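Undergrad:
In our numbering, the protein residues as written are 57 to 331.
1. On the CB-based measure, 16 or more other CB atoms within 10 Å of its CB, does residue 153 come out buried or exposed?
2. Considering residue 357, what are the terminal residues of the beta strand (DSSP E) in which it resides?
3. Using the beta-carbon count (16 or more within 10 Å), is residue 274 buried or exposed?
4. Taking the alpha-carbon of residue 214 as reference, which of 310, 104 and 325 has the nearest alpha-carbon?
5. Could you name the residues that DSSP lists as bridge partners for residue 111?
6. Grab the span of the beta strand (DSSP E) containing residue 186 for me, first residue to last.
7. Quick check: what's the CA-CA separation for residue 163 versus residue 145?
8. Please state the DSSP three-state secondary structure of residue 168.
9. Taking 7 Å as the cut-off, decide whether the C-beta atoms of residue 318 and residue 285 are in contact.
10. With DSSP run on the structure shown, which of helix, strand or coil describes residue 204?
11. With distance defined between alpha-carbon atoms, name the residue in 326, 109 and 150 nearest to residue 119.
12. Since residue 237 is in the beta strand (DSSP E), which residue starts that stretch and which ends it?
13. Can the beta-carbon of residue 190 be found closer than 7 Å to that of residue 231?
14. The alpha helix (DSSP H) with residue 177 in it runs from where to where?
15. Any contact between the region 127 to 138 and the region 159 to 179? By contact I mean 3 or more CB pairs, one from each, below 8 Å.
16. Alpha carbon to alpha carbon, how far is residue 124 from residue 243?
17. What are the complete beta strand (DSSP E) segments, minimum 3 residues, inside the region 240 to 300?
18. Note down the Cα distance separating residue 205 from residue 260, rounded to an integer number of angstroms.
19. Excluding sequence positions up to five away, which residues of its chain have a Cβ less than 6 Å from the Cβ of residue 306?
20. Which class does residue 219 belong to by DSSP, given the choice of helix, strand or coil?
21. Using the Cα positions of residue 228 and residue 157, report the straight-line distance between them to the nearest angstrom.
22. Please classify residue 115: is it buried, with 16 or more other beta-carbons within 10 angstroms of its beta-carbon, or exposed?
23. Sort 224, 151, 238 and 283 by Cα distance to residue 176 and report the nearest one.
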């Protein structure tokens with residue numbers, strides 16, 4: 057088994073890809089600081105396959121590690137759904153930089169339409185939804201939802217560990233991705249978008265490319281070794297925040313909050329070419 061394919065043990069360990077959990081290794085969490093307290097530059101990874109997330113409007117990539125695309129989502133098993141606060145990827149329609157963030161929280165990109173919502177779409181009182189130790193979600197926020205698929209015949213559940221089994225330790229993985237702006241009035245019902253087949257059809261042709269797992273435990277100097285086929289829709293859709301809150305209160309994937317983001321990968325040697 058190659059280092060670039062997920063073993064059963066290895067993939068179970070990466071179930072914290074989106075949470076920045078205790079599974080994050082020492083290289084992924086800190087890169088050192090200079091005498092002034094600023095983060096010191098760390099060298100880019102070498103010997104790894106293409107990384108994710110990326111600017112999907114840029115097709116350029118120089119990573120030489122090749123692997124075949126995973127089957128279509130309709131031919132695979134949905135094993136997990138989770139989402140990140142702010143988009144991990146960047147595109148023309150979600151290009152507002154939220155900031156560097158801290159350990160994956162507060163970084164990423166926001167939908168351009170999030171700054172053009174009506175008063176009714178922004179109207180909100182009280183606490184947000186899907187609370188965590190890092191905050192909650194409110195109207196106007198952006199989330200990137202990942203619909204993770206595997207070639208393993210599994211029922212699905214919490215984390216990426218649910219995408220493998222003892223009898224299927226080396227699956228092909230595909231992530232269908234949609235970025236949303238949360239609104240208080242109108243918008244899509246998240247409870248009705250629980251499969252790739254149910255995703256919006258008016259958010260542009262998905263951009264498909266080869267990449268890796270994401271989440272704040274990884275960076276350009278601490279790369280993911282897992283091979284993933286990505287399909288990212290280039291436009292945002294509006295999503296009703298109340299339905300997201302309902303979903304966080306109970307779902308088969310045991311997801312109850314937004315996860316942090318991995319900083320955008322920009323080094324050409326760490327990116328695949330989008331064909």
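Backbone N, C-alpha and C fix where the C-beta goes; we use that ideal spot for every residue, glycine too. Here the structure is a predicted model, which is why all the values come from computation and not from measurement.
TA: Answer, in terms of the structure:
1. Your numbering for residue 153 matches position 97 in the chain shown. Exposed.
2. Nothing in the structure corresponds to residue 357, since the chain is present only between 57 and 331.
3. For the purposes of this step, residue 274 is identified with residue 218 of the chain shown, where counting begins at 1. Residue 274 should be labelled buried.
4. Translated into the one-based positions of the chain shown, residue 214 becomes position 158. When each option's Cα is compared against that of residue 214, the closest is 310.
5. Locating residue 111 in the chain shown gives position 55, where the first residue counts as 1. According to DSSP, residue 111 bridges with 146.
6. Against the chain shown, residue 186 aligns to sequence position 130. Segment 185 to 188, the beta strand (DSSP E) holding residue 186.
7. Taking the first residue of the chain shown as position 1, residue 163 is located at position 107. Taking the first residue of the chain shown as position 1, residue 145 is located at position 89. About 11 Å.
8. Locating residue 168 in the chain shown gives position 112, where the first residue counts as 1. If DSSP states are grouped into helix, strand and coil, residue 168 belongs with the helices.
9. What you label residue 318 is simply residue 262 of the chain shown in a count that begins at 1. What you label residue 285 is simply residue 229 of the chain shown in a count that begins at 1. Contact: no.
10. Counting from 1 along the chain shown, the entry for residue 204 is found at position 148. Residue 204: strand per DSSP, three-state reduction.
11. Mapped onto the chain shown, residue 119 falls at position 63. Considering only alpha carbons, the answer is 326.
12. Along the chain shown, one-based indexing puts residue 237 at 181. Per DSSP, the unbroken beta strand (DSSP E) holding residue 237 starts and ends at 229 to 239.
13. The residue given as residue 190 occupies position 134 in the chain shown. The residue given as residue 231 occupies position 175 in the chain shown. Taking 7 Å as the cut-off, the Cβ atoms of residue 190 and residue 231 do not count as close.
14. Locating residue 177 in the chain shown gives position 121, where the first residue counts as 1. Residue 177 -> alpha helix (DSSP H) spans 175 to 178.
15. Touching, no, given that fewer than three Cβ pairs across the two stretches are closer than 8 Å.
16. Counting from one through the chain shown, the residue named residue 124 turns up at place 68. Counting from one through the chain shown, the residue named residue 243 turns up at place 187. Distance from the CA of residue 124 to the CA of residue 243, rounded to the nearest whole angstrom, comes to 36 Å.
17. The beta strand (DSSP E) runs lying completely inside the region 240 to 300 and spanning 3 residues or more are 263 to 267, 284 to 288 and 293 to 296, given in chain order.
18. Mapped onto the chain shown, residue 205 falls at position 149. Mapped onto the chain shown, residue 260 falls at position 204. Cα to Cα, the separation comes out at about 21 Å.
19. Taking the first residue of the chain shown as 1, we reach residue 306 at position 250. Counting only Cβ-Cβ distances below 6 Å, and skipping sequence neighbours, we find nothing.
20. Locating residue 219 in the chain shown gives position 163, counting from the first residue. Residue 219 falls in the helix class under three-state DSSP.
21. The count along the chain shown starts at 1 and reaches residue 228 at position 172. The count along the chain shown starts at 1 and reaches residue 157 at position 101. Cα to Cα, residue 228 sits roughly 31 Å from residue 157.
22. If you number the chain shown from 1, residue 115 lands on position 59. Under this definition residue 115 is an exposed residue.
23. Within the chain shown, residue 176 is the residue found at index 120, counting from 1. It is 238 whose Cα lies nearest to the Cα of residue 176.
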